[in-house]
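*Asks:*
In our numbering, the protein residues as written are 1 to 58.
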């Protein structure tokens with residue numbers, strides 16, 4: 001049991017030290033767009049909910 005807890009705590013260190021990659025300088029102007037891109041699927045999900053609410057969830 002102690003070995004499992006030790007392995008878990010050691011693997012947890014890798015997740016806390018994640019650094020995001022930087023775009024090359026030529027693409028630095030796209031930084032704001034790249035920051036928003038992971039949220040786009042959530043917008044599609046919300047759009048689907050609004051659409052279904054508009055048609056009374058048929």
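Note that CB positions come from ideal geometry on N, CA and C, so glycine has one too. Here the structure is a predicted model, which is why all the values come from computation and not from measurement.
Name the two residues that bound the continuous alpha helix (DSSP H) containing residue 33.
*Replies:* Start at 1 with the first residue of the chain shown, and residue 33 comes out as number 33. Where residue 33 is concerned, the enclosing alpha helix (DSSP H) stretches over 31-36.
*Asks:* Tell me the rounded alpha-carbon separation between residue 54 and residue 45.
*Replies:* Walking along the chain shown from the start, residue 54 turns up at place 54. Walking along the chain shown from the start, residue 45 turns up at place 45. If I take the Cα positions, the gap works out to 14 Å.
*Asks:* Our contact map puts residue 31 next to residue 20 with C-beta atoms below 8 Å; I'd like the distance itself, whole angstroms only.
*Replies:* Within the chain shown, residue 31 is the residue found at index 31, counting from 1. Within the chain shown, residue 20 is the residue found at index 20, counting from 1. In fact, because the Cβ distance is near 11 Å, the residues do not count as touching under 8 Å.
*Asks:* State the start and end residues of the unbroken alpha helix (DSSP H) segment that holds residue 42.
*Replies:* Within the chain shown, residue 42 is the residue found at index 42, counting from 1. Run containing residue 42: 40-54, per the alpha helix (DSSP H) assignment.
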